[in-house]
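**Student:**
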Ligand SMILES: Nc1ncnc2c1ncn2[C@@H]1O[C@H](COP(=O)(O)OP(=O)(O)OP(=O)(O)O)[C@@H](O)[C@H]1O
């Protein structure tokens with residue numbers, strides 16, 4: 001048996017005229033976990049998409065180069081080919097069917113059929129054995145240490161629950177030889193990431209080979225046997241476990257020194273801009289139960305909790321995306337939660353965590369995405385004609401977009417490129433630039449640095465600090481990354497079981513945060 005299960009030779013990919021992979025060579029050992037790291041847009045997902053036969057590759061002219069599996073050359077033209085060879089993939093953006101249940105998603109195309117009916121009608125025409133499908137689905141989720149009712153519709157699940165369903169679907173495949181994971185932990189908190197990493201170690205020890213992509217470099221160093229660094233479609237370096245280090249990986253990925261974004265301590269006035277009173281949100285998997293919370297004008301308020309304890313819900317509730325009860329005072333007046341348009345007009349804006357579905361117009365250009373909400377919502381980028389008439393000021397739009405592309409380092413061909421064609425991390429930066437263009441009074445933002453590289457993370461955090469300091473925006477950041485909240489927040493509200501457990505200063509001890517996460521201390525809002 002060959003030591004290397006997979007060998008990639010001179011892999012090259014063009015999107016139109018744009019060469020995004022430059023004769024990439026990569027060997028992956030059997031039963032090992034191989035990491036792949038690189039800045040946003042460096043070509044990681046493209047390699048994974050080629051190996052999994054994703055249609056975006058064939059629709060854009062296929063690939064050049066050779067792929068050898070177990071020493072045999074293979075040509076991967078479709079996902080069907082990839083699955084036949086034993087590849088499974090967990091995507092950066094979920095590939096789940098929202099209107100189907102958890103069990104239906106996990107067992108899709110591999111459903112159990114009723115034995116009796118199968119004998120008479122044949123497998124194709126026989127009935128699906130739903131009870132058996134549910135049992136299989138819960139058993140694979142249990143293996144992942146995640147219990148959820150398998151009859152729930154996927155559209156009603158929280159983001160981290162969706163990720164576990166996607167992982168379970170791949171693990172349920174019986175001929176899985178090679179697992180591709182494109183940032184599987186980006187949507188998970190530390191506890192869930194750790195659980196997934198344990199499962200991956202177990203899988204590898206049983207012989208499954210793994211290609212693992214992540215921007216969380218500490219995970220790479222902990223999990224991977226080997227890591228390859230890619231920059232602008234070129235392989236830069238490779239490290240074995242014994243000589244891997246975060247600084248070495250970061251330097252090879254980014255190519256410049258990283259400046260850490262930190263908010264200097266400052267005085268915030270006592271005046272409240274937004275007050276939650278007995279406010280509940282019925283968001284599946286992230287319920288909020290009657291919180292009382294005052295957000296001070298101009299502050300950056302961090303919101304954190306273990307997953308499923310409610311940190312994402314306030315923003316969704318205020319914008320009317322999920323049903324809510326109780327009240328919210330905005331600048332001293334009751335906010336009408338049934339009229340989202342009015343709420344946005346008043347100056348409250350939300351950047352949700354599920355950006356691909358709720359944050360971007362994927363078939364529109366980078367330029368339109370960045371200026372859209374600012375132009376329509378706040379009449380920015382317009383110039384007066386005469387009287388009440390005004391038109392789009394295309395020059396000021398372009399100037400703003402160019403500035404944002406430069407400042408946030410959005411990797412693109414030009415500002416007219418469709419956002420669908422950007423890498424995940426670069427789409428994220430477009431969302432941030434759009435929020436900055438609206439100049440809201442209050443910005444709710446969830447998981448602002450999810451899926452972005454180590455350099456871009458600091459640029460995004462810096463941009464939030466600047467919005468707060470220079471434009472006076474009140475920012476409510478929901479994040480599972482406590483370390484980043486500590487660096488940018490004036491105060492941090494910790495939620496537990498859908499209630500505010502404590503409000504802590506950013507320099508509070510780890511112990512205080514740990515107590516607050518588990519709600520072991522007296523509650524703030526009781
Ligand atoms: N469908 C597409 N059409 C045109 N260009 C594309 C398409 N998909 C990706 N690209 C380009 O290919 C390059 C590599 O993108 P890729 O998604 O592989 O990056 P990545 O390393 O996975 O980034 P991230 O960390 O942000 O996910 C980028 O410049 C991107 O804009």
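Residue numbers (full-length UniProt numbering): 1 to 526.
For every residue, glycine included, the Cβ atom is placed at its ideal position computed from N, Cα and C.
Report yes if the C-beta of residue 12 is less than 8 Å from at least one heavy atom of ligand 1; otherwise report no.
**Tutor:** Within the chain shown, residue 12 is the residue found at index 12, counting from 1. No, the beta carbon of residue 12 sits no closer than 8 Å to any heavy atom of ligand 1.
**Student:** In the DSSP output, which residue or residues are listed as bridge partners for residue 14?
**Tutor:** Working through the chain shown from its first residue, we reach residue 14 at position 14. Bridge partners of residue 14: 19.
**Student:** Curious, which full-length beta strand (DSSP E) runs of at least 3 residues does the region 306-384 contain?
**Tutor:** Complete beta strand (DSSP E) runs here, min 3: 324-330 and 348-351.
**Student:** Under the criterion of a Cβ to heavy atom distance below 8 Å, does residue 332 qualify as lining ligand 1?
**Tutor:** The count along the chain shown starts at 1 and reaches residue 332 at position 332. No, since every heavy atom of ligand 1 falls outside the 8 Å radius drawn around the Cβ of residue 332.
**Student:** How about the region 364-372 and the region 497-517: do they share at least three Cβ pairs that are nearer than 8 Å?
**Tutor:** Not touching, per the Cβ criterion.
**Student:** Could you tell me which residues DSSP puts in a beta bridge with residue 89?
**Tutor:** Reading the chain shown from its first residue, position 89 is the one you call residue 89. In DSSP, residue 89 forms a bridge with 180.
**Student:** Closest Cβ-Cβ distance between residue 331 and chain D: below 9 Å?
**Tutor:** The question asks about chain D, but that chain is absent: this structure has only one protein chain.
**Student:** Which two residues bound the contiguous alpha helix (DSSP H) that contains residue 170?
**Tutor:** Within the chain shown, numbered from 1, the residue matching residue 170 stands at position 170. Where residue 170 is concerned, the enclosing alpha helix (DSSP H) stretches over 159-171.
**Student:** Going by the DSSP bridge assignment, what does residue 203 pair with across the sheet?
**Tutor:** As a first step, residue 203 is located in the chain shown; it is residue number 203 there, counting from the start. For residue 203, which the question treats as bridged, DSSP gives no partner whatsoever.
**Student:** Helix, strand or coil for residue 227 per DSSP?
**Tutor:** Translated into positions along the chain shown, residue 227 becomes position 227. In the structure shown, residue 227 sits in a strand (DSSP, three-state: E or B).
**Student:** Answer with buried or exposed for residue 97, where buried requires no fewer than 16 other C-beta atoms within 10 angstroms of its C-beta.
**Tutor:** Locating residue 97 in the chain shown gives position 97, where the first residue counts as 1. Flag for residue 97 reads exposed.
**Student:** What are the partner residues of residue 146, as DSSP defines its beta bridges?
**Tutor:** By 1-based counting over the chain shown, the position of residue 146 is 146. Answer is none; residue 146 lacks a bridge partner.
**Student:** If you count every other CB in all the chains shown that lies within 10 Å of the CB of residue 133, and 16 or more means buried, which is it?
**Tutor:** The residue labelled residue 133 in the question sits at position 133 within the chain shown. Classification of residue 133: buried, given that the 10 Å Cβ count is 16 or more.
**Student:** If residue 203 and residue 210 are in contact, beta carbons under 8 Å, what's the gap, nearest whole angstrom?
**Tutor:** Start at 1 with the first residue of the chain shown, and residue 203 comes out as number 203. Start at 1 with the first residue of the chain shown, and residue 210 comes out as number 210. Their Cβ separation, rounded to whole angstroms, is 7 Å, which keeps residue 203 and residue 210 in contact under 8 Å.
**Student:** Sorted by chain position, which residues of the same chain lie with C-beta nearer than 8 Å to residue 526's C-beta, five sequence neighbours on each side aside?
**Tutor:** Position 526 of the chain shown, counted from the first residue, corresponds to residue 526. Low per-residue confidence applies at residue 526: pLDDT is 46, beneath 50, and the placement is therefore not dependable, though the value from the model is reported in the following sentence. Cβ neighbours of residue 526 beyond the five flanking positions: 499.
**Student:** Between residue 490 and residue 505, what straight-line distance do the alpha-carbon atoms span, to the nearest angstrom?
**Tutor:** Residue 490 sits at position 490 when you count from the first residue of the chain shown. Residue 505 sits at position 505 when you count from the first residue of the chain shown. Cα-Cα distance, rounded: 7 Å.
**Student:** Leaving out five residues before and five after residue 361 in sequence, what residues of the same chain have Cβ atoms less than 6 Å from its Cβ?
**Tutor:** The residue you call residue 361 lines up with position 361 of the chain shown. 369.
**Student:** Measuring only the C-alpha atoms, how far is residue 5 from residue 178?
**Tutor:** Along the chain shown, read from residue 1 onward, the residue named residue 5 stands at position 5. Along the chain shown, read from residue 1 onward, the residue named residue 178 stands at position 178. Answer to the nearest angstrom: the Cα atoms are 9 Å apart.
**Student:** If you run the structure through DSSP and keep just helix, strand and coil, what is residue 419?
**Tutor:** Within the chain shown, numbered from 1, the residue matching residue 419 stands at position 419. Of the three classes helix, strand and coil, the one that applies to residue 419 here is helix, per DSSP.
**Student:** If you measure between the beta carbons of residue 187 and residue 163, is that distance less than 9 Å?
**Tutor:** Position 187 of the chain shown, counted from the start, is the residue given in the question as residue 187. Position 163 of the chain shown, counted from the start, is the residue given in the question as residue 163. Yes, they are a contact pair.
**Student:** Within this structure, are the beta carbons of residue 386 and residue 328 separated by less than 9 Å?
**Tutor:** The residue given as residue 386 occupies position 386 in the chain shown. The residue given as residue 328 occupies position 328 in the chain shown. Contact: no.
**Student:** Does the separation of the CB atoms of residue 409 and residue 253 fall below 9 Å?
**Tutor:** On the chain shown, residue 409 is found 409 positions in, with the first residue counted as 1. On the chain shown, residue 253 is found 253 positions in, with the first residue counted as 1. Cβ atoms of residue 409 and residue 253: not closer than 9 Å.
**Student:** With a threshold of 16 other CB atoms inside 10 Å of the CB of residue 450, please say whether the residue is buried or exposed.
**Tutor:** Within the chain shown, residue 450 is the residue found at index 450, counting from 1. Buried, because 16 or more other Cβ atoms sit within 10 Å of the Cβ of residue 450.
**Student:** What are the start and end residues of the alpha helix (DSSP H) that includes residue 425?
**Tutor:** As a first step, residue 425 must be located in the chain shown, where it is residue number 425. Run containing residue 425: 424-438, per the alpha helix (DSSP H) assignment.
**Student:** State yes or no: is the C-beta of residue 426 nearer than 8 Å to some heavy atom of ligand 1?
**Tutor:** Along the chain shown, read from residue 1 onward, the residue named residue 426 stands at position 426. Yes, Cβ of residue 426 sits closer than 8 Å to a heavy atom of ligand 1.
**Student:** Do residue 274 and residue 60 have their beta-carbon atoms positioned less than 9 Å apart in this structure?
**Tutor:** The count along the chain shown starts at 1 and reaches residue 60 at position 60. The count along the chain shown starts at 1 and reaches residue 274 at position 274. Contact: no.
**Student:** Is residue 110 helix, strand or coil when you go by DSSP?
**Tutor:** Within the chain shown, the letter at position 110 stands for residue 110. If DSSP states are grouped into helix, strand and coil, residue 110 belongs with coil.
**Student:** Using the rule of at least 16 other Cβ atoms within 10 Å of the residue's Cβ for burial, across every protein chain shown, is residue 509 buried or exposed?
**Tutor:** Mapped onto the chain shown, residue 509 falls at position 509. Classification of residue 509: exposed, given that the 10 Å Cβ count is below 16.
**Student:** Any chance the CB of residue 431 is under 8 Å from a heavy atom of ligand 1?
**Tutor:** Here residue 431 is taken as the residue at index 431 of the chain shown, counted from 1. For ligand 1, not one heavy atom lies less than 8 Å from the Cβ of residue 431.
**Student:** For residue 267, count the other beta carbons within 10 Å of its own beta carbon; 16 or more makes it buried, fewer makes it exposed. Which is it?
**Tutor:** For this step, residue 267 is matched to residue 267 along the chain shown. Looking at its Cβ environment, which holds fewer than 16 other Cβ atoms inside 10 Å, residue 267 is exposed.
**Student:** Which same chain residues end up closer than 6 Å to residue 44 when comparing Cβ atoms and leaving out the 5 residues on each side of it in sequence?
**Tutor:** For the purposes of this step, residue 44 is taken as residue 44 along the chain shown, with counting starting at 1. Cβ neighbours of residue 44 beyond the five flanking positions: 36, 38 and 213.
**Student:** Do the CB positions of residue 310 and residue 287 come within less than 9 Å of each other?
**Tutor:** Along the chain shown, read from residue 1 onward, the residue named residue 310 stands at position 310. Along the chain shown, read from residue 1 onward, the residue named residue 287 stands at position 287. Yes, the Cβ-Cβ distance between residue 310 and residue 287 is below 9 Å.
**Student:** In whole angstroms, what separates the C-alpha of residue 113 from that of residue 404?
**Tutor:** Stepping through the chain shown from its first residue, residue 113 is reached at position 113. Stepping through the chain shown from its first residue, residue 404 is reached at position 404. Whole-angstrom Cα-Cα distance: 54 Å.
**Student:** Given that a residue counts as buried once 16 or more other Cβ atoms are within 10 Å of its Cβ, and exposed if not, what is residue 428?
**Tutor:** For this step, residue 428 is matched to residue 428 along the chain shown. That one is buried.
**Student:** Can you tell me whether residue 172 is buried or exposed? The criterion is at least 16 other CB atoms within 10 Å of its CB, across all chains shown.
**Tutor:** If you number the chain shown from 1, residue 172 lands on position 172. Flag for residue 172 reads buried.
**Student:** Suppose contacts are defined by Cβ-Cβ distances below 9 Å. Is residue 226 in contact with residue 32 by that definition?
**Tutor:** Taking the chain shown and counting its residues from 1, one reaches residue 226 at position 226. Taking the chain shown and counting its residues from 1, one reaches residue 32 at position 32. Yes. Within cutoff.
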